[in-house]
Every structure is written in structure tokens, then in C-alpha cells.
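A short write-up of the structure that comes next.
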Amino acid sequence: MRVTPVTKGTCGSVEIARLLADFDIHSIGDSHLQNIDRMKQAGIDKKFMLLRAPMLSEAEQTITLADISLNSEISTLKALNKYSARYDRIHEVVLMIEMGDRREGVLQEMVPDYVKEILKLRHLKLAGIGTNLTCLNGVKPTAEKMAELSALADEIEGTYNLKLDIVSGGNSANYQWLQACNDPGRINHLRIGETILFGSDPLTQAGIDGFEHDAFSLQAQVIESQCKPSKPSGEIAFDAFGEVPQVKDEGLMNRAILAIGQQDVDPSGCRPLDPDLRIIGTTSDHMVIDSSKKKLKVGDIVEFQLHYRAMLRLMVSDYVTKEYIK
Ligand SMILES: *Cc1c(COP(=O)(O)O)cnc(C)c1O
Numbered sequence: 097m098r099v100t101p102v103t104k105g106t107c108g109s110v111e112i113a114r115l116l117a118d119f120d121i122h123s124i125g126d127s128h129l130q131n132i133d134r135m136k137q138a139g140i141d142k143k144f145m146l147l148r149a150p151m152l153s154e155a156e157q158t159i160t161l162a163d164i165s166l167n168s169e170i171s172t173l174k175a176l177n178k179y180s181a182r183y184d185r186i187h188e189v190v191l192m193i194e195m196g197d198r199r200e201g202v203l204q205e206m207v208p209d210y211v212k213e214i215l216k217l218r219h220l221k222l223a224g225i226g227t228n229l230t231c232l233n234g235v236k237p238t239a240e241k242m243a244e245l246s247a248l249a250d251e252i253e254g255t256y257n258l259k260l261d262i263v264s265g266g267n268s269a270n271y272q273w274l275q276a277c278n279d280p281g282r283i284n285h286l287r288i289g290e291t292i293l294f295g296s297d298p299l300t301q302a303g304i305d306g307f308e309h310d311a312f313s314l315q316a317q318v319i320e321s322q323c324k325p326s327k328p329s330g331e332i333a334f335d336a337f338g339e340v341p342q343v344k345d346e347g348l349m350n351r352a353i354l355a356i357g358q359q360d361v362d363p364s365g366c367r368p369l370d371p372d373l374r375i376i377g378t379t380s381d382h383m384v385i386d387s388s389k390k391k392l393k394v395g396d397i398v399e400f401q402l403h404y405r406a407m408l409r410l411m412v413s414d415y416v417t418k419e420y421i422k
């Protein structure tokens with residue numbers, strides 16, 4: 097099983113890509129060409145896989161920056177072929193197959209038409225087929241679905257007399273399937289982000305034994321700490337995010353404000369390490385904490401345990417300082 101570690105969750109962090117590049121990996125995967133560009137500029141000498149199908153408007157950069165891309169549209173493949181010819185290259189493509197999650201990929205009955213078209217494009221190489229599950233609709237990569245993908249690979253090879261290098265079974269959500277299966281069939285490649293970075297299994301949202309779960313953490317600073325009534329006072333309309341807040345009256349409360357907000361982090365994906373602290377609410381740039389069990393003062397640092405979805409936005413935010421500790 098070859099692995100493409102996925103760096104998109106870290107916004108293509110060069111520091112993290114450098115660590116991953118030390119392993120025997122198939123390639124580094126990212127969904128943004130800007131991230132791939134930055135990693136290449138930093139001298140990371142690996143094959144790069146573009147995970148999100150290229151925009152038509154970035155077909156040229158896809159050829160110059162990525163070695164291999166995941167695709168599901170003929171018009172895009174034709175544009176890739178045109179630029180690949182112009183740069184005198186052979187660009188590798190993986191045809192994505194829709195197997196139930198209803199995000200990207202062509203329906204199985206359409207596969208022959210697509211393969212025939214791709215084989216006509218002389219500057220593209222059909223490197224393989226792949227599927228992506230458990231993203232839009234949480235559909236599990238079961239043994240049956242993986243066997244279906246394997247069978248499809250055999251069928252394509254038999255019909256068109258070719259060899260598919262890659263049969264890419266999915267992402268971190270394939271961990272349980274991989275652990276349980278004795279015979280992966282034709283599946284020989286996975287694209288893994290979350291499980292490498294967080295040691296978690298997306299199917300259960302729980303940590304996997306033997307993996308590190310706290311490689312990433314967030315620290316935010318207290319900018320106000322005061323005792324206030326917990327119940328809002330006045331006529332209530334919409335809050336900053338279009339909701340009408342329902343607030344339980346908890347009397348007077350020690351409340352701290354942290355200098356971080358929705359613009360920087362998805363608060364549903366972070367939890368204070370100190371169990372005596374609780375997030376009350378978050379606006380664009382403020383996070384309000386119930387600190388009645390543990391008094392905080394201005395300048396104090398509150399540390400959070402993170403979920404993958406919280407890290408996504410943190411790594412993109414220019415307002416958040418990233419510090420790497422080896
Ligand atoms: C994001 C992504 C992955 C990696 O997903 P994880 O759940 O982080 O492992 C793999 N493949 C595609 C197409 C993706 O978009």
C-alpha cells in the first residue's frame with residue numbers, strides 16, 4: 097500500500113512537508129497549487145499530487161507544478177493535455193470514480209467513455225483510478241466498495257489492454273478497512289491527511305491507539321477578564337452569525353475574552369485543555385470563556401486541544417503565529 101500524505105490541512109506547511117518527505121512515500125498530496133508551489137520553492141524534492149480537480153483556469157500551472165492530478169472532466173483533461181504538450185511533458189492523471197459519497201468522480205457506467213477519451217490524449221498518462229468517500233456524506237469505504245473498485249480496475253485493464261499503476265482507495269476514513277482486511281485486492285494506494293496529522297479515525301472521530309493525538313495545539317491570550325451577569329440585557333435580535341441566541345441565566349460569572357475568533361478557528365473543533373474552562377461563544381475575532389471555576393487574568397494563555405477541522409482554518413489564518421517545536 098503506497099501512501100500520499102496530504103498536507104492541505106496544514107495549508108501546505110513546508111516544515112511538515114519536510115518531515116513527511118523523509119518517509120518512503122508515493123508523493124505529497126495537496127488540493128491547492130499555491131501550496132504545492134511553496135513546497136517546491138522550499139526545495140521539497142518529491143512527486144506532487146493535486147487532489148482537487150484542477151480549475152480550467154489553472155490547467156497550465158497544474159502541468160508546471162503537479163506531476164499527477166485527480167480528474168473527472170473531459171474538458172479539463174483536454175486542457176491539461178494541451179499544456180502538457182506545450183511543455184513537452186507527460187502528465188499523470190487518476191480518473192476519479194463516484195462510489196456513493198456523491199462528491200467528485202464519474203459514475204461507474206460512464207467509465208468506459210472516459211477511459212477511451214483519456215487514451216486519445218497523447219500527453220496524458222492514465223496512471224490509475226481512485227475514489228473518495230466519507231467526505232460530503234460520510235459514506236464508509238466498506239470491503240464491498242473496495243472490492244467494486246478493484247473489479248473496475250481489472251475490467252479497465254482487460255478491456256483496454258493497459259496497466260493501472262495506481263488504484264487509490266481513499267483517505268483517512270479507509271483506516272478501519274485497511275486494518276481489518278487480509279487482502280486489499282487491487283487497492284494499492286491511499287491519500288492520508290487527518291490520520292497522519294492527528295492520529296484520529298474520521299469514522300469514529302476517536303484517537304487511534306499508538307498514534308500521537310496532540311501534535312498540534314492552540315494557545316490564545318486573555319485580553320479581558322471580568323465578572324459580568326451571564327444573561328444578556330436588552331431586546332434580543334440576531335447575533336453576529338445570524339442566529340438568535342438562547343442564553344441560560346447562570347447568574348454572575350467570571351468571563352474571560354481571548355483574542356481569537358471565527359476568522360481564525362472553527363470553535364467546534366477546539367476544547368480547552370483545562371477542564372475547568374468552557375467556551376461560551378465566539379464571534380469573528382473574540383472568544384468568550386466561562387472562567388468561573390478558574391480565574392484568569394489579562395495576559396494569561398489558554399491552551400486548546402484541536403480537531404482536524406479546527407486546524408484547517410488556524411493554518412490558513414495569517415493572524416495566527418505558527419511555531420514548530422521539534
Ligand atoms: C482531503 C482529501 C484527502 C485526504 O483526506 P483525509 O481525510 O485528511 O485523509 C484525500 N483525497 C482527497 C481527494 C481529498 O480531497
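My numbering numbers the first residue of the sequence shown as 97 and each following residue consecutively. Glycine included, each C-beta is placed from N, C-alpha and C at the ideal position. Keep in mind the model is a prediction, meaning the values are calculated, not measured.
Identity of the residues DSSP links to residue i by a beta bridge
i, result
"residue 126", "146"
"residue 195", "Answer is none; residue 195 lacks a bridge partner."
"residue 413", "Answer is none; residue 413 lacks a bridge partner."
"residue 278", "Its beta-bridge partners do not exist; DSSP assigns none."
"residue 101", "288"
"residue 213", "Answer is none; residue 213 lacks a bridge partner."
"residue 187", "220"
"residue 366", "402"
"residue 177", "DSSP output for residue 177 lists no bridge partner at all."
"residue 266", "286"
"residue 324", "349"
Three-state class that DSSP yields for residue i in the structure shown
i, result
"residue 163", "coil"
"residue 312", "coil"
"residue 236", "coil"
"residue 422", "coil"
"residue 208", "helix"
"residue 343", "coil"
Sub-9 Å separation of residue i and residue j beta-carbons
i, j, result
"residue 278", "residue 97", "no"
"residue 403", "residue 294", "yes"
"residue 261", "residue 224", "yes"
"residue 336", "residue 379", "yes"
"residue 398", "residue 322", "no"
"residue 368", "residue 342", "no"
The beta strand (DSSP E) enclosing residue i, as first and last residue numbers
i, result
"residue 138", "No beta strand (DSSP E) holds residue 138; DSSP gives it neither H nor E."
"residue 294", "No beta strand (DSSP E) contains residue 294, which is instead part of the alpha helix (DSSP H) from 290-294."
"residue 230", "Unbroken run through residue 230: none, as it is neither H nor E."
"residue 348", "348-354"
Residue-level contact to chain C via CB, residue i, 9 Å cutoff
i, result
"residue 293", "The structure shown has no chain C; it contains just one protein chain."
Endpoints, the alpha helix (DSSP H) within which residue i is located
i, result
"residue 246", "239-256"
"residue 110", "110-117"
Are the segment 225-242 and the segment 181-189 touching by the rule of at least three beta carbon pairs closer than 8 Å? Touching, no.
Should the segment 349-363 be called in touch with the segment 386-393, which here means at least 3 C-beta pairs below 8 Å? Two segments are said to touch when three or more pairs of C-beta atoms, one from each, lie closer than 8 Å; by this definition the segment 349-363 touches the segment 386-393.
Closer than 5 Å is what we want: which residues have a beta carbon that near any heavy atom of ligand 3? List them in chain order. Ligand 3 is not among the ligands present in this structure, which contains only ligand 1.
State whether the segment 139-147 contacts the segment 164-171, with contact taken as three or more CB pairs (one from each stretch) at a distance under 8 Å. Flag = yes, the segment 139-147 and the segment 164-171 touch.
Take every Cβ of the segment 200-210, pair it with every Cβ of the segment 243-259, and state whether three or more of those distances are shorter than 8 Å. The segment 200-210, when compared against the segment 243-259, does touch it at the 8 Å Cβ threshold.
Determine contact between the segment 145-157 and the segment 119-133, defined as no fewer than three beta-carbon pairs at a distance below 8 Å. Touching, per the Cβ criterion.
Under 8 Å: do the segment 233-245 and the segment 193-207 share three or more Cβ pairs, one atom per stretch? A contact between stretches requires three or more CB pairs, one per stretch, nearer than 8 Å, and the segment 233-245 meets this requirement with the segment 193-207.
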